[in-house]
Structure formats: C-alpha cells, structure tokens
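Everything on this sheet refers to the single structure shown next.
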Amino acid sequence: MRGLGGGRYAFAAAVSALGAGLIRPFLLLYAVTISHLSPSRAGLALSAGFVAGLALVPLAGRWVDAGGRRTVVVTTIALRVLGLVLLLAIPGPAGFICACLLQGIGNQTGPVAQGAVVSSLAVGYERDAVLAALRSLGNAGLGAGALLATVALGSGAVGMRWLAVATAVGYLVSGVLIATVRLPDEQVPSGQRRVGQLRVGQRADRRGQPIGPADRPVLHRLTIMNLGNLPFALCFDILEVALPVVIVTQLAAAPAWSSGIFVANTVMVILIQLPVVVWMSRRPRRHVFGIAGAVLAASYLGFLVAEAGHGAAGAMAIAVVSVLYTLGEVLYTGVGTALVIDAAPPHLRGTALARWQLSLGLGRAIAPLAITLALSISPAALWLPLAVATLIGAAVIVRHAPTDSGRQDSGRDGSGRHESGRQEQGAGLVGNRGRYGEWAARRRARAVEQAELGRRLYAGGYRSERIKDRRPR
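Heads up: take any position in the sequence shown, counting from 1, add 112, and you land on my numbering.
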C-alpha cells in the first residue's frame, strides 16, 4: 500500500477485521449468559441487525461516491463502538438488541467503504493481496472470538464484560488511526464530476453523479455479475448450516465432527488465503472466478458422494471433501471484490461495491432457509441443484464480467472502462515492475499515450463515447 498512510490504514483495518470476526460468536454467548435471552430470540435480534445493515448498504455506496470514503469507514467503526457501549450500559434484552442493530449496520456497510479506501491506497494485484489479508484476519478473529468467549465464560459475567470493553477499545483505536489517513483524490475526467457539466447523452443518478455512455456497459456487466454471484453466496452457509445438519441427522455422527471441520476451515483460510490470491494474481480475475465455481461444484458433488457412508466413516469423508470446498471458497472470495473495484468507474465505485455487497447479503439471507428446506427433502435436492447453479453462475461471470485491465487477458474488452481507469491501472503497474517486467513498462507507455490522446480529443470537442473509436461527432 502507498506510503505511511497506507501502512497506518492496513494496521487499523487489521484491528477492525479482528474485532469484526471476534464479535460474531461473542454476541450470541453474551445474549444467552448475561442478557438472559433464548438462543432463538438472540438469533432473531442478530438477523434483524443483518437486515438493517443491508437496507443501508445503498446509502453507504452513495456516500462513498460523494467523497466520503474515509468518513464512511470511521462512521461504521463508531457504530460498532456505540453498540458495544450500549450492550454494557443497558442491561437485559434492550441493550443486546441495540448492539445487534448497530453491529449489523457497521458490519454490512463497512466492506463497501473499506473496498473503496483500499482501491485508493493500493493498485493492481496489490489490492487482491490487501483484501485477502483482511479476510484472513477476519477469520482469525472469528476463531479467536469463539475461543476467548468460551474462556471468558469461566470467569462469569465479569470476563464477558471485559472482553466487550477490550473489543470496543480496539475498534476505537482503529477508528482514530483511520481518521488520520490521507487518501489520494480520485482522478475522474473533467466534465464528468458535476451534474451541471453533463453532456448530451449523459444522465445523473439519484446521487447526482453523472452516468455517461462509457459507464453504462460496465454497469450492465457488473449487474449480470451480481446475478451470477447469488449461488456463490450460498457457499458461506455450507459449514455453518448444511454440514452440521448432514453430519448429525443424515450420518448419525458426533456433533464434534462439524466443529472440527469448521475449525480446520478457519485455519486453512488464515494460512492459504493470501498465498493463493497472490499466486492466482497472474490470471485474469474472471477466469479465477470460473475456476472457483468448478472447484466449489466439485466439492458439492463430493459431499453428496460422502453421504453414502455412515457414522464416523462418512464424517471423515466429508472432512476430506471440505478441504476442496475451502480451496474453492478462498478462490471465490479472493477475486470478487477486487474485480468489482477494478472494473467500476472511479466515480461510481461505491455504488458498484454496494450492489456487490447486496448480492452477497441476499444470497446469505436466503441460504439457511433454502439449505434446510432442500435437506428436508433429500441430500441430492441440495447438492445437485447447488452444484449446477454454481457452474451456471461461474459461466455467466466468465462470459459477461468486465475484463481486467491489469491482467494479461487475451479476451476482448467489453467493459467500457473510463480512460481514467486505464490510466490508474497503468500507474499501478509501475509499482509492480519487478513482477511484470518489460510488459509493465509497455503497458504504462500505452496508458500514458491513451490518456494524452483522450485529453486532446476532449479539448477538440470529441464526444467521450467515441474516443475509443477515434471518430469525430
């Protein structure tokens, strides 16, 4: 990441990611032991916070596009701190419900702003690496949260409250550090920044940012990509919902198997997320998406075959297949957000990230109901349709997702990216000269030439949608 500010943000985001992972298992245990709520009511409160956060995701995207990238990140962290303060200050169910709502809003809107900030502080495949590192830290926090909350239970209510205080302090430190990070300005072509400067053929969205002819193709492709992402989003509930039900009800194995598989998955994600993402960075992201879909679909079929066993033997087979599933999950999570950041026009990046977050949230919202309903019919009713839907989603994304400007992709470029996006990527490749060698230098030279030609064409009165074809009005 760029400079001292990038390093400061990376440290602060790491603290925040650990806290976000830690708080999920902690809240449920806190509700049962201290707030004296039943597990069902606690789950309802957590779901309400999840839905409230999703409802505010579009607002966060518009706020980011209006220039509030860092402000949105700090605000989401402040909401999490306030939620923990209310949890400690208000005893009983009322405090827990307030905490769930504020944590849900912060956790759902935070990734939108974080992706925009990372896109400003890192370029090219470095974005993939930074996002992968933050996801690994989130998984580490998830495992640590379950462990620390269990240990805190041994000291009673005092230990649980001190754990909440420590988490709030960590969030507070993270917010203060992020507030001091200075972000570089987004470079948006002149004439595309204000509604008053719209040219013929452009329209403004509800936020007042212009959507020109050059924006529409990439936004259309990103919309198709969001639809193709829906079956992928169901993969996150495989370990938490599907496998525990299968192991206990279908295989009649000990529940400890599902816990062991979950822990092994968490450890694998922490260890291999960053190396795998960096290794796959030499491939176009949409191709990695296709590989992830194939690997996940193969794991779903593997789970179906493994269920032919019984007891510990079947559970062991599922544990082996879960390694393949984890690899698919790592590949999928390593490219999705980075592809959206790379493809979206800079002045609409917050909107694009918000829509991506909504597709993830919608998939995760329907996952528990869809999984349990399918398993109530038969295992094949879950694994076969899920494998087919994932393969179809992968094919749609490979075919329609925008082409990476920073990858060696021989496919045609139908993304309709702005010249500013190309110039930004060309500048990013300079920092990776050791990786790309002479190809990076040639890419940079072409980007500079295109940017200069675009500037002259704009000055000469050429329309933006015809710059690429070099045609006059």
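Virtual Cβ for every residue (Gly too), placed ideally from N, Cα, C.
Computed from a prediction, not measured in an experiment: that's the story for all the values here.
{"Query": "Among Trp175, Ala482, Ala501, whose alpha-carbon lies nearest the alpha-carbon of Gln590?", "Result": "Outside the displayed span of the chain (113 to 585) sits residue 590, for which this structure offers no information."}
{"Query": "Under 6 Å Cβ to Cβ from Leu487, same chain only, skipping five residues before and after it: list those, please.", "Result": "Val357, Leu494"}
{"Query": "Compare the C-alpha of Ala245 against each of Ser150, Leu346, Leu130 and name the closest.", "Result": "Leu130"}
{"Query": "May I have the straight-line CA-CA distance separating Leu259 from Pro329, to the nearest angstrom?", "Result": "47 Å"}
{"Query": "Rounded to whole angstroms, what's the CA-CA distance from Ser411 to Phe162? Just pull it up for me.", "Result": "28 Å"}
{"Query": "Excluding sequence positions up to five away, which residues of its chain have a Cβ less than 6 Å from the Cβ of Arg519?", "Result": "Residue placement at Arg519 is flagged as unreliable, the pLDDT there being 48, under the threshold of 50; a coordinate-derived value is accordingly withheld."}
{"Query": "Okay, do the stretch 398-405 and the stretch 504-512 touch, 3+ Cβ pairs below 8 Å being the bar?", "Result": "yes"}
{"Query": "With the cut-off set at 9 Å, would you say Val442 and Val381 are in Cβ contact?", "Result": "yes"}
{"Query": "Based on Cα-Cα distance, which residue from Val242, Ile135, Leu166, Ala228 lies nearest to Ala211?", "Result": "Ile135"}
{"Query": "With DSSP collapsed to three states, give me the class of Arg395.", "Result": "coil"}
{"Query": "Assess contact between the stretch 413-433 and the stretch 473-483, defined as three or more Cβ pairs (one per stretch) separated by less than 8 Å. Is contact present?", "Result": "no"}
{"Query": "In three-state DSSP terms, what is Leu213?", "Result": "helix"}
{"Query": "Hey, could you find the ends of the alpha helix (DSSP H) Pro170 is sitting in?", "Result": "169-177"}
{"Query": "Rounded to the nearest angstrom, what separates Val230 and Ala256 at their Cα positions?", "Result": "25 Å"}
{"Query": "Might you give, ordered along the chain, the residues of its own chain that have their beta carbon closer than 6 Å to the beta carbon of Leu334, omitting 5 neighbours on each side?", "Result": "Ala464"}
{"Query": "Please work out which residues of its chain come closer than 6 Å, Cβ to Cβ, to Gly475, disregarding the five sequence neighbours upstream and downstream, and give them in chain order.", "Result": "Leu342, Ala345, Leu346"}
{"Query": "At a cut of 8 Å, does the stretch 230-240 reach the stretch 360-371 through at least three beta carbon pairs?", "Result": "no"}
{"Query": "Helix, strand or coil for Ser490 per DSSP?", "Result": "coil"}
{"Query": "Between the beta-carbon of Gly207 and the beta-carbon of Ser152, is there less than 9 Å?", "Result": "no"}
{"Query": "If you check the beta carbons only, do Leu149 and Ala157 fall under 9 Å apart?", "Result": "yes"}
{"Query": "Measuring only the C-alpha atoms, how far is Val127 from Ala280?", "Result": "11 Å"}
{"Query": "From the DSSP output, in three-state form, read off His422 for me.", "Result": "coil"}
{"Query": "Can you tell me where the alpha helix (DSSP H) holding Val288 begins and where it ends?", "Result": "269-291"}
{"Query": "Report, in whole angstroms, the separation of the C-beta atoms of Gly165 and Gly216, which I expect to be a contact under 8 Å.", "Result": "4 Å"}
{"Query": "Is Leu76 near Tyr437, with beta carbons less than 9 Å apart?", "Result": "Outside the displayed range of the chain (113 to 585) lies residue 76, so it cannot be described from this structure."}
{"Query": "Return yes when the Cβ of Ala264 is within less than 9 Å of the Cβ of Leu200, no when it is not.", "Result": "no"}
{"Query": "Rounded C-beta distance between Pro491 and Leu416? I'm assuming under 8 Å.", "Result": "6 Å"}
{"Query": "With distances taken from CA atoms, which of Ala172, Pro203, Ile209, Leu191 is nearest Ser286?", "Result": "Leu191"}
{"Query": "Could you spell out where the alpha helix (DSSP H) holding Val197 opens and where it closes?", "Result": "181-201"}
{"Query": "If the criterion is Cβ atoms closer than 9 Å, does the pair Val186 and Ala354 meet it?", "Result": "no"}
{"Query": "Reducing DSSP to helix, strand and coil, say where Ser411 ends up.", "Result": "helix"}
{"Query": "Can you check whether the C-beta of Ala506 is within less than 9 Å of a C-beta belonging to chain B?", "Result": "Judged by its chain identifiers, the structure shown contains no chain B, having just a single protein chain."}
{"Query": "For a quick check, are the C-beta atoms of Pro205 and Leu470 less than 9 Å apart?", "Result": "no"}
{"Query": "What is the DSSP secondary structure of Ile146, reduced to helix, strand or coil?", "Result": "coil"}
{"Query": "Beta-carbon separation of Gly250 and Ala132 under 9 Å?", "Result": "yes"}
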